Amino acid sequence: MLQGPSLRQGPTLRPLTTAHLAQTMSLLELPAAELNQKIEAELARNPALELREIKHCPSCKQPLSGTRPCQRCSTPKSLSPEEPIVFVSPREDFFIPGRLSSQDLPEDNFAPHIEDLPTYVLKQVAPDLDYQEAQIAAFILTNLDDDGLLNISISEIAQYHHISLSKVKHILNQIQRSEPLGVGSPNPKEALLIQIDVLSERVPVPSLTKEAISEGMELLSKHQYVELGRLIGTSTRQAKEIANFITENLNPYPAHSAWGDFRQSSPNNVDVYTHPDVIITLLNDSLYSPLVVEIVSPFAGLLQVNNLFRNSLDQAPSDKADQWRSDIDRAELLVKCLQQRTNTIVRLMKRIIRLQRDFILFGDRYLKPVTRASLANELDVHESTISRAVASKTIQLPNGHIIPLSKFFDRSLHIRTILKQIINHETKPLSDNDIAKVLEEKGFNVARRTVAKYRAMEGILPSHLRQIRTSPEIT
DNA sequence: CTATGGCACGGATT
DNA sequence: AATCCGTGCCATAG
Numbered sequence: 001m002l003q004g005p006s007l008r009q010g011p012t013l014r015p016l017t018t019a020h021l022a023q024t025m026s027l028l029e030l031p032a033a034e035l036n037q038k039i040e041a042e043l044a045r046n047p048a049l050e051l052r053e054i055k056h057c058p059s060c061k062q063p064l065s066g067t068r069p070c071q072r073c074s075t076p077k078s079l080s081p082e083e084p085i086v087f088v089s090p091r092e093d094f095f096i097p098g099r100l101s102s103q104d105l106p107e108d109n110f111a112p113h114i115e116d117l118p119t120y121v122l123k124q125v126a127p128d129l130d131y132q133e134a135q136i137a138a139f140i141l142t143n144l145d146d147d148g149l150l151n152i153s154i155s156e157i158a159q160y161h162h163i164s165l166s167k168v169k170h171i172l173n174q175i176q177r178s179e180p181l182g183v184g185s186p187n188p189k190e191a192l193l194i195q196i197d198v199l200s201e202r203v204p205v206p207s208l209t210k211e212a213i214s215e216g217m218e219l220l221s222k223h224q225y226v227e228l229g230r231l232i233g234t235s236t237r238q239a240k241e242i243a244n245f246i247t248e249n250l251n252p253y254p255a256h257s258a259w260g261d262f263r264q265s266s267p268n269n270v271d272v273y274t275h276p277d278v279i280i281t282l283l284n285d286s287l288y289s290p291l292v293v294e295i296v297s298p299f300a301g302l303l304q305v306n307n308l309f310r311n312s313l314d315q316a317p318s319d320k321a322d323q324w325r326s327d328i329d330r331a332e333l334l335v336k337c338l339q340q341r342t343n344t345i346v347r348l349m350k351r352i353i354r355l356q357r358d359f360i361l362f363g364d365r366y367l368k369p370v371t372r373a374s375l376a377n378e379l380d381v382h383e384s385t386i387s388r389a390v391a392s393k394t395i396q397l398p399n400g401h402i403i404p405l406s407k408f409f410d411r412s413l414h415i416r417t418i419l420k421q422i423i424n425h426e427t428k429p430l431s432d433n434d435i436a437k438v439l440e441e442k443g444f445n446v447a448r449r450t451v452a453k454y455r456a457m458e459g460i461l462p463s464h465l466r467q468i469r470t471s472p473e474i475t
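Sequential numbering of the first sequence, starting at 1, is according to my numbering.
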């Protein structure tokens with residue numbers, strides 16, 4: 001990927017060589033976590049590349065990007081809520097665990113405080129427990145693995161704390177029933193069963209789903225629907241529907257924030273998001289304050305070419321000279337490309353965030369359909385540049401959810417969300433045609449066939465299989 | 001007869 | 001150039 005000989009030139013400003021372009025592109029499509037690895041590897045291998053001394057901001061202790069003052073702490077001039085505060089952060093410790101919450105309440109998905117999973121869950125269960133129970137709950141929660149599953153047995157816990165098995169079970173039950181649903185289950189199967197249990201109180205769940213999970217877990221994960229249907233005594237089609245419902249609405253690994261984010265991902269192939277490329281928070285936890293956008297860009301402004309190394313080039317032993325020179329070239333190229341990468345991402349983000357402020361704050365239904373092409377036009381870059389910048393990147397919203405950046409370019413998300421609402425509020429099951437009508441009244445022109453597709457995407461059953469939901473006023 | 005899912009086509013998007 | 005998406009048509013289930 002790096003071409004040595006072709007760019008053997010002076011160390012001054014280099015014209016845009018093809019190698020340069022190629023590397024800029026490849027860096028652009030790398031998510032932060034991988035970029036981090038790549039640069040670390042290069043730092044270790046290439047003696048011409050060095051890390052500038054990292055200075056930390058005196059007030060917030062975060063590493064500073066290059067020589068600039070802390071962009072996080074310096075008070076912004078404009079406090080217009082519309083105008084996001086965007087800054088680049090080279091933070092090394094960008095691990096922030098993703099969280100999960102009920103996806104059925106898009107209007108309410110605002111929860112500005114970021115905390116780790118154990119704390120988040122503990123806060124939910126603590127009010128219902130006495131002091132000793134809370135201690136045990138805390139103990140349980142610290143033993144969760146990255147998937148949000150519990151890998152020690154109930155009896156171990158009971159022995160350790162000298163209490164009865166039933167008490168542990170009681171506490172664990174409380175934990176499993178808090179958000180993210182199923183957290184603390186010993187395995188994916190249990191987690192799914194809990195989720196079904198709780199979900200069935202709010203949403204229609206296809207019949208036999210529980211049986212499919214408890215008896216046909218293996219078949220499910222292998223997508224063997226014919227056998228599954230036979231096992232639980234139903235048609236293959238119904239089995240497929242169940243499987244579909246499960247992938248769409250449930251999550252075998254409670255700690256992963258991918259509820260409904262992935263249509264194609266199968267239960268055994270769940271994408272994990274842990275290191276977002278962009279983190280959005282609210283300045284004062286207020287909805288009317290600007291969004292604070294932190295672009296996680298490893299080593300941004302911290303890399304430079306070692307001057308000692310460069311100056312000693314003419315004294316290089318003749319057999320090493322070539323090697324040294326190519327090292328310097330590589331280093332320069334990397335620094336430059338990294339700069340370009342951050343620049344592109346910053347410009348892109350500024351635009352996206354201003355455009356999609358409502359979506360970021362208030363949820364899916366406020367997503368404005370934007371294409372990569374239109375954005376490329378506005379920013380005056382090639383479409384493929386945007387594609388690369390968006391690909392395989394993730395972003396953390398103020399509510400703590402980590403979603404793929406590509407979600408910002410979902411053409412139909414807002415309609416699907418409204419569709420979900422229509423169905424949630426329906427008094428009698430509406431047919432796809434009816435729904436298309438309602439949508440049209442709201443100003444969305446979609447064909448009946450398309451409604452069916454959206455419905456399928458959201459894992460909603462066809463009207464004749466839907467039961468009438470209990471009306472909003474619950475006594 | 002109505003509602004829905006499968007297939008396939010064409011245009012947009014990447 | 002390859003892929004995705006909305007849509008129309010048709011078969012089938014209810």
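Every residue, glycine too, gets a C-beta built ideally from N, C-alpha and C.
None of these values were measured; they are calculated from a predicted model.
{"Query": "With C-beta atoms as the reference, is residue 365 less than 7 angstroms away from residue 418?", "Result": "yes"}
{"Query": "Roughly how many angstroms separate the alpha carbons of residue 344 and residue 295, rounded to a whole number?", "Result": "11 angstroms"}
{"Query": "Kindly give me the distance between the Cβ atoms of residue 351 and residue 378, rounded to whole angstroms, as I take these residues to be in contact under 8 angstroms.", "Result": "6 angstroms"}
{"Query": "What span of residues does the alpha helix (DSSP H) with residue 378 cover, start to end?", "Result": "372-379"}
{"Query": "Take every Cβ of the stretch 375-394, pair it with every Cβ of the stretch 442-450, and state whether three or more of those distances are shorter than 8 angstroms.", "Result": "no"}
{"Query": "Assuming residue 138 contacts residue 150 (C-beta within less than 8 angstroms), just tell me the rounded distance between them.", "Result": "Wrong, their Cβ atoms sit about 13 angstroms apart, outside the cutoff."}
{"Query": "Where do the ends of the beta strand (DSSP E) carrying residue 409 lie?", "Result": "Here residue 409 belongs to no beta strand (DSSP E), and DSSP marks it neither H nor E."}
{"Query": "Is residue 268 helix, strand or coil by DSSP?", "Result": "A caution first: residue 268 carries a pLDDT of 31, below 50, which makes its placement in the model too unreliable to give a value."}
{"Query": "Flag this pair as touching only if the stretch 32-51 and the stretch 287-301 have three or more C-beta atom pairs under 8 angstroms; answer yes or no.", "Result": "yes"}
{"Query": "Kindly list the residues whose CB is nearer than 7 angstroms to the CB of residue 155, restricted to its own chain and excluding five residues on each side of it in sequence; keep chain order.", "Result": "165"}
{"Query": "Suppose you measure from the CA of residue 385 to the CA of residue 86; what does that come to, to the nearest Å?", "Result": "20 angstroms"}
{"Query": "Does the separation of the CB atoms of residue 49 and residue 331 fall below 7 angstroms?", "Result": "yes"}
{"Query": "Please name the residue in 242, 302, 436, 372 whose C-alpha comes closest to that of residue 388.", "Result": "372"}
{"Query": "Can you look up residue 360 in the DSSP assignment and give me helix, strand or coil?", "Result": "helix"}
{"Query": "Could you check the C-alpha separation between residue 432 and residue 465 for me, to the nearest Å?", "Result": "13 angstroms"}
{"Query": "Return the chain-ordered list of same chain residues with a C-beta closer than 8 angstroms to the C-beta of residue 289, the five sequence neighbours on each side being excluded.", "Result": "79, 81, 282, 283"}
{"Query": "Got a sec: does the ligand SAH put a non-hydrogen atom nearer than 6 angstroms to the Cβ of residue 242?", "Result": "Inclusion of the ligand SAH in the displayed structure is not the case, the ligand content being empty and no account of it being possible."}
{"Query": "Which one of 239, 303, 83, 192 has the shortest CA to CA distance from residue 461?", "Result": "239"}
{"Query": "Can you check which of these residues, 42, 47, 89, 23, is closest to residue 54 by C-alpha distance?", "Result": "89"}
{"Query": "Between the Cα of residue 429 and those of 188, 46, 463, 211, spot the shortest distance and give me the residue it belongs to.", "Result": "463"}
{"Query": "Taking the alpha-carbon of residue 175 as reference, which of 445, 349, 25, 135 has the nearest alpha-carbon?", "Result": "135"}
{"Query": "From the DSSP secondary-structure annotation, give me the bridge partner or partners of residue 479.", "Result": "Lying before the first or after the last residue shown, residue 479 is absent from the chain, which here runs from 1 to 475."}
{"Query": "Would you mind sorting residue 427 into buried or exposed? The rule is 16 or more other CB atoms within 10 Å of its CB.", "Result": "exposed"}
{"Query": "Rounding to the nearest angstrom, what Cα-Cα distance links residue 188 and residue 172 in this structure?", "Result": "15 angstroms"}
{"Query": "Can you have a look at residue 454 and say buried or exposed, based on whether 16 or more other CB atoms are within 10 angstroms of its CB?", "Result": "buried"}
{"Query": "What residue from 60, 142, 52, 242 has the CA that sits closest to residue 209's CA?", "Result": "242"}
{"Query": "Under three-state DSSP, which class holds residue 121?", "Result": "helix"}
{"Query": "What's the C-alpha gap between residue 484 and residue 212?", "Result": "Missing from the structure shown is residue 484; the chain here goes from 1 to 475 and no further."}
{"Query": "Taking only the alpha-carbon atoms, compute the straight-line gap between residue 162 and residue 59 and give it to the nearest angstrom.", "Result": "46 angstroms"}
{"Query": "Could you spell out the range, first to last residue, of the beta strand (DSSP E) harbouring residue 299?", "Result": "Neither: residue 299 is in no beta strand (DSSP E) and is coded neither H nor E."}
{"Query": "In its own chain, which residues sit with a C-beta less than 8 angstroms from the C-beta of residue 129, not counting the 5 before and 5 after it?", "Result": "137, 171, 174"}
{"Query": "By how many angstroms is the C-alpha of residue 152 removed from the C-alpha of residue 140?", "Result": "9 angstroms"}
{"Query": "Pull up the distance between the alpha-carbon of residue 181 and that of residue 47, whole angstroms please.", "Result": "50 angstroms"}
{"Query": "Just the Cα atoms here: how many angstroms apart are residue 41 and residue 324?", "Result": "17 angstroms"}
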